[in-house]
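First up is the structure itself, then whatever we jot down about it.
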Ligand code: GLY
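This is how it looks when you write it as structure tokens:
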């Protein structure tokens, strides 16, 4: 039986929308890339990209966790347009990020988000030897964060902290903390296994994925952001609302990380339990999408104030499109939902001016902290990845 691709599932009208939107991205990025060629942007403030490359070392600067996404945009555009200039700009980020490895402090489990869309994607597209070395170095650092007693990858370092200003939340012990976001760091380990044949990478990724499957996914298919385990035994201690509205709520970006992460883990392992988990998260997500197609920061947040997260929408759209290729039965509804969210951004939350640097206008870092309803580079990255998936320009990033 012929396997249908996402492109085969689109109506003619949806294909036109995908082509037109991809062309708008191209027209914008060919000027933005030059303005930001010597930057590592994390966000556009008043339409102008900030620059993490120009900041100091450490967590908030050169080791900032989203620093791989600008290079990721450049590599996706390079692959689609064939214009080598995009790749040259991506390499600037990769060279700057080398400093973070030696510095070491400031790196955490988001090594995956940093090196997958930059060096690993570079290697997949060009076979560059430096990119290979960078990706493998990152994979080894990520594997080193695995707690063998608890069978989870430790998310963050440092002293116990309260985290994200959620009212009334006790301090967590970071040695025991794992977060749902890490599901999309795991592809770095699966890639390292595929490259080296060393099963340690695959085993660590699988053990972490299994631990998350058992401890983060609720009965209704919704996902917890943060779980604290006892770092000596791996026993569940408690969970936290993290970047979402509160304990027991459903931070939408966390739902997206789980959905895309388990879909990716299924692609790398063929483990049906991961596929079923991704489908359960997808069903929960789809049942909670507002009529407008615009995604809130948390599915449990109050109606007012309006706190939107285009990053969650775009990342969930990527997950649904990937899932559509894997799950036979519900494929068309996954594609329809992804397109509904992407079109809502295009029509109501995108900036297509060539004078400004960001595309998606309403990302939210965390419900209770500043940084609501603004542009973030990873919102733009996932939006572009999703639109290119619809065009059949599929490169397996994650
Ligand atoms: N991984 C952190 C975030 O999604 O903001």
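Numbering (my numbering), first residue to last: 34 to 431. Cβ atoms here follow ideal geometry from the backbone N, Cα and C, with glycine treated the same way. Given the structure is predicted, the values throughout are model-derived calculations rather than measurements.
Notebook entry, point to check: Do the stretch 322-331 and the stretch 341-348 make contact, defined as three or more Cβ pairs closer than 8 Å?
Noted result: yes
Next item on the list: Compute the minimum distance between the beta carbon of residue 413 and the heavy atoms of the ligand GLY, and state whether it is under 7 Å.
Entry: Taking the chain shown and counting its residues from 1, one reaches residue 413 at position 380. Because no heavy atom of the ligand GLY lies under 7 Å away, the Cβ of residue 413 does not count as near it: no.
Notebook entry, point to check: Between residue 42 and residue 220, what straight-line distance do the alpha-carbon atoms span, to the nearest angstrom?
Noted result: Counting from one through the chain shown, the residue named residue 42 turns up at place 9. Counting from one through the chain shown, the residue named residue 220 turns up at place 187. Going by the C-alpha atoms only, they are around 26 Å apart.
Notebook entry, point to check: Touch check for the stretch 45-64 and the stretch 423-430: three-plus C-beta pairs under 8 Å?
Noted result: yes
Item checked: Distance between residue 267 and residue 410 (C-alpha atoms, nearest Å) -> On the chain shown, position 377 is the one that residue 410 refers to. On the chain shown, position 234 is the one that residue 267 refers to. The straight-line gap from Cα to Cα measures roughly 35 Å.
Notebook entry, point to check: the ligand GLY heavy atoms versus the CB of residue 276: any closer than 7 Å?
Noted result: The residue labelled residue 276 in the question sits at position 243 within the chain shown. Indeed, a heavy atom of the ligand GLY lies less than 7 Å from the Cβ.
Check: Contact between the stretch 168-176 and the stretch 188-206: three or more CB pairs below 8 Å?
Finding: no
Next item on the list: Going by DSSP, name the residue or residues bridged to residue 284.
Entry: Position 251 of the chain shown holds residue 284. According to DSSP, residue 284 bridges with 331.
Next item on the list: With a threshold of 7 Å, establish whether the CB of residue 190 neighbours any heavy atom of the ligand GLY.
Entry: One-based indexing of the chain shown puts residue 190 at position 157. Because no heavy atom of the ligand GLY lies under 7 Å away, the Cβ of residue 190 does not count as near it: no.
Checklist line | For residue 185, the residue or residues it bridges with in DSSP | finding: Counting from 1 along the chain shown, the entry for residue 185 is found at position 152. 180, per the DSSP bridge assignment.
Check: So is the beta-carbon of residue 216 under 7 Å away from any non-hydrogen atom of the ligand GLY?
Finding: If you number the chain shown from 1, residue 216 lands on position 183. Because no heavy atom of the ligand GLY lies under 7 Å away, the Cβ of residue 216 does not count as near it: no.
Next item on the list: With hydrogens ignored, establish whether the beta-carbon of residue 398 is closer than 7 Å to any heavy atom of the ligand GLY.
Entry: For the purposes of this step, residue 398 is taken as residue 365 along the chain shown, with counting starting at 1. It does: the Cβ of residue 398 is within 7 Å (strictly closer) of some heavy atom of the ligand GLY.
Check: When the Cα of residue 58 is compared with those of 315, 280, 238 and 110, which residue comes out closest?
Finding: Here residue 58 corresponds to residue number 25 of the chain shown, with the count starting at 1. Of the candidates 315, 280, 238 and 110, 110 places its Cα closest to the Cα of residue 58.
Check: Among residues of its own chain, excluding the 5 on either side of residue 387, which ones have a beta-carbon nearer than 6 Å to its beta-carbon?
Finding: Numbered from 1 along the chain shown, position 354 holds the residue referred to as residue 387. Answer for residue 387: 61 and 64, listed in chain order.
Checklist line | Beta-carbon spacing of residue 155, residue 127 below 8 Å | finding: Translated into positions along the chain shown, residue 155 becomes position 122. Translated into positions along the chain shown, residue 127 becomes position 94. Contact: yes.
Check: When the distance is taken between beta carbons, is residue 295 closer than 8 Å to residue 310?
Finding: For this step, residue 310 is matched to residue 277 along the chain shown. For this step, residue 295 is matched to residue 262 along the chain shown. Going by C-beta atoms, residue 310 is nearer than 8 Å to residue 295.
Check: Between the beta-carbon of residue 440 and the beta-carbon of residue 258, is there less than 8 Å?
Finding: An answer regarding residue 440 cannot be provided, because it is not within the stretch 34 to 431 covered by the chain.
Margin query: For a test of the three-state rule: what should DSSP assign to residue 144, helix, strand or coil?
Written below: Within the chain shown, numbered from 1, the residue matching residue 144 stands at position 111. In this structure, residue 144 counts as helix in the three-state DSSP scheme.
Checklist line | C-alpha gap between residue 421 and residue 104, whole angstroms | finding: Along the chain shown, read from residue 1 onward, the residue named residue 421 stands at position 388. Along the chain shown, read from residue 1 onward, the residue named residue 104 stands at position 71. Using only the alpha carbons, I get a separation of about 16 Å.
Next item on the list: Please classify residue 138: is it buried, with 16 or more other beta-carbons within 10 angstroms of its beta-carbon, or exposed?
Entry: Locating residue 138 in the chain shown gives position 105, counting from the first residue. Counting every other CB atom within 10 Å of its CB across the protein chains shown gives residue 138 a total below 16, marking it as exposed.
Checklist line | Residue of 370, 279 and 290 minimising C-alpha distance to residue 324 | finding: The sequence position of residue 324 within the chain shown is 291, counting from 1. Of the listed residues, the one whose Cα sits closest to residue 324 is 370.
Checklist line | Three-way DSSP call (helix, strand, coil) for residue 355 in this model | finding: Numbered from its first residue, the chain shown carries residue 355 at position 322. If DSSP states are grouped into helix, strand and coil, residue 355 belongs with the helices.
Next item on the list: Starting from residue 261, follow its DSSP beta bridges and name the residues at the other end.
Entry: Numbered from its first residue, the chain shown carries residue 261 at position 228. In the DSSP output, where bridge partners are listed per residue, residue 261 has 210 and 271.
Check: Is residue 405 near the ligand GLY, going by C-beta to nearest heavy atom under 7 Å?
Finding: The residue labelled residue 405 in the question sits at position 372 within the chain shown. Between the ligand GLY and the CB of residue 405, the shortest heavy atom gap is not smaller than 7 Å.
Next item on the list: Whole angstroms is fine: what's the gap from residue 304's alpha carbon to residue 129's?
Entry: As a position in the chain shown, residue 304 is number 271, starting the count at 1. As a position in the chain shown, residue 129 is number 96, starting the count at 1. Just so you know, the alpha carbons of residue 304 and residue 129 end up roughly 37 Å apart.
Notebook entry, point to check: At which residues does the alpha helix (DSSP H) containing residue 220 begin and terminate?
Noted result: Here residue 220 corresponds to residue number 187 of the chain shown, with the count starting at 1. Here the alpha helix (DSSP H) through residue 220 covers 219-229.
Item checked: residue 215 and residue 172 closer than 8 Å at C-beta -> Here residue 215 corresponds to residue number 182 of the chain shown, with the count starting at 1. Here residue 172 corresponds to residue number 139 of the chain shown, with the count starting at 1. No; because the gap between Cβ atoms is not below 8 Å, this pair is not in contact.
Check: Which residue comes first and which comes last in the alpha helix (DSSP H) that contains residue 365?
Finding: Locating residue 365 in the chain shown gives position 332, where the first residue counts as 1. Taken as a continuous stretch (DSSP letters only), the alpha helix (DSSP H) holding residue 365 covers 364-381.
Note to self: Do residue 153 and residue 98 count as a contact pair if the criterion is CB distance below 8 Å?
What the structure shows: By one-based count along the chain shown, residue 98 stands at place 65. By one-based count along the chain shown, residue 153 stands at place 120. In this structure, the beta-carbon distance from residue 98 to residue 153 does not fall below 8 Å.
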